[in-house]
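To start, the structure under review is shown below, and the notes come after it.
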Amino acid sequence: MVCILGEKDVILHQLVYTLPELSLLMGIVHLGILYMLSYESARLYARVSRFWLLASIFWNIVFYDKTFSPLYFANDAYTLLFSLLAGFLAYIMLGLSSAWFSVENRTGCRYYVLVLCALIGIDLLLAASNLVALLFCYILLIFINYRLLGISYEKLPSEAAVRYMGVSAVIVLIFAAGFGFLNYIQDGAVDFSELYALFSGNTASLPLFLAAVAIVVPFLYSLGIAPFHIMAEDKAGRGILPVSHYFALVAPVALWGAFIKLNIELLAPYKAALAPVYVGFALLSAVFGAVGANARINLHRIMSYSSMYHFGVVLLLLSFFRIETDFAAFVYLFVYTLSLNGGYLVFYSLKSHGEYLAATTSLSGLAETRPYTTGALLVSLFSMIGLPPLAGFTGQLGVVSELLKNGCYVSLGIILLFLLVLAKAYLEIIKTAYFEHKVKIFDAENKTVLLYTMFCMLCIVFVSFNPYGLFHLLQDMFYVVGL
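In numbering that gives the first Met the number 0, the protein residues as written are 0 to 482.
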C-alpha cells in the first residue's frame with residue numbers, strides 16, 4: 000500500500016512539474032476555442048496568449064529546479080535565466096504583434112498558437128540533458144519555424160518557408176547521423192554526463208569528434224553563423240514583422256542558451272579541436288555581418304546581418320571554453336538583445352497609410368515628425384555599437400577585456416575594425432532619419448508601442464550602471480551550469 004501511494008505521489012509531482020508547459024498548452028486550447036467561436040479581435044488573441052505566458056513564467060520560477068522527466072531534462076537557475084529572458088521578449092512581442100495584425104485585418108490566431116508552441120519547445124530545449132530530448136526539441140522548433148515563415152503578407156504559401164524546410168531537413172539529417180552513431184556505440188546511453196565521459200576518454204577519436212561536430216552544426220546554422228547563414232537573411236527579410244521579431248530575438252536567446260550549455264556539459268573535451276573552428280567561424284561572421292549590413296536597404300535584413308556580426312563575437316568568446324568568458328558572452332548577448340529589441344520597437348512605429356515600412360529610405364525625415372521615435376532608434380543603434388554610457392558598452396567592455404586577457408590581439412583587431420564597418424551602416428540609418436527630406440506621412444503612433452519604447456530606452460541607459468546588482472544576480476544564475 001505504501002509503495003502504491005509512493006508511485007501515485009511521484010506521478011502527481013511529475014504532473015505538477017509540467018505546469019509551465021501545461022500553461023502554454025492551455026493557452027493554445029484557449030486560442031483554439033476563441034477561433035472556433037469566430038472572435039475576430041487580434042488584441043483579444045494577444046491578451047490571451049500573454050496571460051498564459053505569464054502563468055508559464057510564474058510556474059517556471061516556482062519550479063525552477065524541478066522537472067517532470069529527470070531522465071531527459073534538468074532545470075536549474077541557468078535554464079530559468081534564459082527561459083525568463085525569452086519569455087520577457089516574447090511578452091513584448093506578443094503585445095506589439097496585435098497592432099500589426101489589427102492593421103492587416105487579421106486575427107493572427109495561427110501566429111499566437113505557433114509562438115506558444117515555440118515557447119514550449121524553448122523551455123524543453125533549454126532543459127534538455129539528454130541527446131534524445133535535444134534532437135526532439137530541435138526538430139520541433141524547426142517545424143514551428145517553418146510554419147511561422149508560412150504566415151506571409153499575401154496570405155499565400157511563402158517560398159521562403161519551402162526553402163527553409165529544404166535546407167533545414169539536411170541539417171536535421173546531419174544532427175540525426177551524429178546522434179545515431181553515439182546512440183549505437185553507447186547502447187542508448189546518451190545523457191550529457193555519459194557522453195562527456197566518453198569524449199573525455201577518447202579525445203583522439205576521429206569518429207567521435209565528427210559526431211560532436213554533427214551536434215554543433217545545427218546550432219551554428221540556426222543562429223545564422225557564417226557560413227551557415229543561408230536562411231538567416233531570408234527569415235528576417237521575407238517574414239512578416241511579428242515573425243521577423245521572433246526570429247531576431249526570441250529564437251536566438253533560446254538557441255544560445257542551449258548551445259552554451261552544450262559546450263560546457265558535452266563538448267568541452269574537444270575544446271582544443273573546436274576552438275580554432277569557432278574562432279574561424281566567429282571572425283568570418285563578423286566580416287560577413289558588417290559588410291552585408293552595409294549592402295542592404297531593408298531594415299530587417301540590415302538587422303539580420305548585424306546579428307551575424309554580434310553573434311560572431313559571442314561565438315568568439317565561447318571558443319575559450321571557460322566559464323568566465325562564457326558569462327562575458329552572455330552579458331554581450333543580453334545587452335545586444337536589449338538594444339536590438341529597441342530597434343524593433345521603432346519598426347512597429349514606422350507605419351504610413353496603414354502599411355508598415357521596412358526600407359531605409361522610408362526613414363527619410365523621420366526626425367521632423369517623430370523626434371522621440373528617432374531618438375529611440377539613435378539610442379538603440381549607439382548601444383549596439385557599444386558607446387558609453389549605454390548598455391552595449393558593458394558588453395563591449397567585457398569582450399575587449401577577455402580578448403586582451405587571453406592575448407587574442409589579432410581577433411580583437413578584426414572585431415574592432417569591422418565594428419567600425421558595421422557602425423557605418425548604423426550611421427547611414429541615422430543620417431537618413433535626421434538629414435534627409437521627409438518622403439512619407441506617418442500614421443499616428445500607437446500608445447502601447449510608445450510605452451514599450453520608453454521602457455526599453457530606460458533599460459538601455461540604466462543597465463550599464465548595474466542597478467540593484469543586476470549582473471551579480473545574472474552571474475549567480477549563470478554559473479550554475481555545469482555544476
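Note that CB positions come from ideal geometry on N, CA and C, so glycine has one too.
On a predicted model such as this, the values are computed, not experimentally measured, just so you know.
For residue i and residue j, I'd like the C-alpha separation in whole angstroms.
| i | j | result |
| --- | --- | --- |
| residue 413 | residue 16 | 47 Å |
| residue 262 | residue 351 | 46 Å |
| residue 212 | residue 473 | 30 Å |
| residue 49 | residue 93 | 7 Å |
| residue 268 | residue 199 | 5 Å |
| residue 32 | residue 44 | 11 Å |
| residue 442 | residue 97 | 16 Å |
| residue 258 | residue 439 | 43 Å |
| residue 69 | residue 12 | 12 Å |
| residue 244 | residue 369 | 22 Å |
| residue 437 | residue 128 | 54 Å |
| residue 191 | residue 479 | 16 Å |
| residue 275 | residue 219 | 15 Å |
| residue 385 | residue 365 | 24 Å |
| residue 81 | residue 434 | 40 Å |
| residue 181 | residue 18 | 32 Å |
| residue 463 | residue 289 | 24 Å |
| residue 383 | residue 20 | 33 Å |
| residue 238 | residue 67 | 35 Å |
| residue 79 | residue 252 | 12 Å |
| residue 65 | residue 134 | 21 Å |
| residue 34 | residue 59 | 28 Å |
| residue 485 | residue 185 | What the structure shows of the chain is the stretch from 0 to 482, and residue 485 is not part of that stretch, so it cannot be assessed. |
| residue 161 | residue 291 | 24 Å |
| residue 270 | residue 209 | 13 Å |
| residue 407 | residue 47 | 49 Å |
Strictly by DSSP, which residues pair up with residue i?
| i | result |
| --- | --- |
| residue 351 | 354 |
| residue 129 | 190 |
| residue 293 | Answer by DSSP bridge pairing: none, since residue 293 is not bridged. |
| residue 72 | 127 |
Residue i CB to nearest chain B CB: under 8 Å?
| i | result |
| --- | --- |
| residue 171 | Absent from the structure is chain B; it holds one protein chain and no more. |
Buried or exposed for residue i, please, with buried defined as at least 16 other CB atoms from any protein chain shown within 10 angstroms of its CB.
| i | result |
| --- | --- |
| residue 471 | exposed |
| residue 296 | exposed |
| residue 37 | exposed |
| residue 353 | exposed |
| residue 465 | exposed |
| residue 75 | buried |
| residue 388 | exposed |
| residue 91 | buried |
| residue 137 | buried |
| residue 144 | buried |
| residue 394 | buried |
| residue 404 | exposed |
| residue 424 | buried |
| residue 445 | buried |
| residue 110 | buried |
| residue 324 | buried |
| residue 430 | exposed |
| residue 467 | exposed |
| residue 170 | buried |
### Contact the region 26 to 33 vs the region 45 to 54: 3+ CB pairs below 8 Å
yes
### Touch test, the region 395 to 405 against the region 327 to 346, Cβ-Cβ under 8 Å, three pairs minimum
yes
### Message
Does the region 287 to 304 come into contact with the region 222 to 240, if we say contact requires no fewer than three beta-carbon pairs (one atom in each stretch) closer than 8 Å?
### Response
yes
#### Entry: Ordered list of alpha helix (DSSP H) runs contained in the region 61 to 105, each at least 4 residues
76 to 102
#### Entry: Segment contact, 8 Å Cβ cut-off, at least three pairs: the region 166 to 184 with the region 113 to 122
no
### Query
Which residue spans inside the region 226 to 253 form an unbroken beta strand (DSSP E) run of at least 3?
none
### Task
Indicate whether the contact test is met: 3 or more Cβ pairs, each with one atom in the region 414 to 430 and one in the region 452 to 468, closer than 8 Å.
no
### Query
Is the region 280 to 293 touching the region 311 to 327, taking contact as three or more C-beta pairs under 8 Å?
yes
### Query
If you pair each beta-carbon of the region 72 to 87 with each one of the region 121 to 129, do three or more pairs fall below 8 Å?
yes
#### Entry: Every unbroken alpha helix (DSSP H) within the region 415 to 467, with a cutoff of 4 residues, ordered by chain
446 to 461
### Message
To test your reading of the DSSP string, which unbroken alpha helix (DSSP H) runs of 4 or more residues are found completely within the region 302 to 361?
### Response
322 to 346
### Task
With a floor of 4 residues, list each alpha helix (DSSP H) that falls wholly inside the region 353 to 411, ordered by position along the chain.
365 to 368, 370 to 384, 390 to 404
### Query
Contact between the region 332 to 349 and the region 376 to 383: three or more CB pairs below 8 Å?
yes
### Within the region 165 to 211, ranges of the alpha helix (DSSP H) (whole runs, at least 4 residues)
191 to 199
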